[in-house]
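See structure below.
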């Protein structure tokens, strides 16, 4: 059976050492690398990853908040309804309707408008 998540997620063992694994010289360095250095590389990698993630999440929040504010002026009633979004298997934004309050037309409209927000889409794909 096909795992649809496999298309989204890839496991990589020790990604903080990936650059060393690309060459014979790098692999030789890895063989003699002290554990403290490896741990330091790991900590730096994770710190940078968390910083990037935080920036992306803040950008996504701001983008969605801006969308909701614009929606208030375009369609006040729709802006009051609770909805969210996620990334679909087709790499497009899909609207979520946890309270099941959206009509099919509203659902389609929100999906179309959110997918027009290229930065939001790119950030969602990245994380």
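In the working numbering, the protein residues as written are 274 to 400.
Ideal Cβ placement from N, Cα and C applies to all residues, glycine included.
CB of residue i within 8 Å of CB of residue j, strictly
{"i": "residue 392", "j": "residue 332", "result": "yes"}
{"i": "residue 380", "j": "residue 370", "result": "yes"}
{"i": "residue 225", "j": "residue 368", "result": "Past the boundaries of the shown model lies residue 225; the chain is included only from 274 to 400, so the question cannot be answered."}
{"i": "residue 314", "j": "residue 351", "result": "no"}
{"i": "residue 366", "j": "residue 394", "result": "yes"}
{"i": "residue 399", "j": "residue 329", "result": "yes"}
First through last residue of the alpha helix (DSSP H) which encompasses residue i
{"i": "residue 303", "result": "297–305"}
{"i": "residue 291", "result": "291–294"}
{"i": "residue 398", "result": "391–399"}
Same chain only: Cβ atoms within 7 Å of residue i, ignoring 5 sequence neighbours per side
{"i": "residue 354", "result": "374, 375"}
For residue j and residue i, the rounded distance between their alpha carbons
{"i": "residue 298", "j": "residue 288", "result": "17 Å"}
{"i": "residue 344", "j": "residue 359", "result": "18 Å"}
Continuous beta strand (DSSP E) assignments of at least 3 residues falling wholly in the segment 311–382:
Taken in chain order, the unbroken stretches of beta strand (DSSP E) that lie wholly in the segment 311–382 and span 3 residues or more are 357–360, 366–369.
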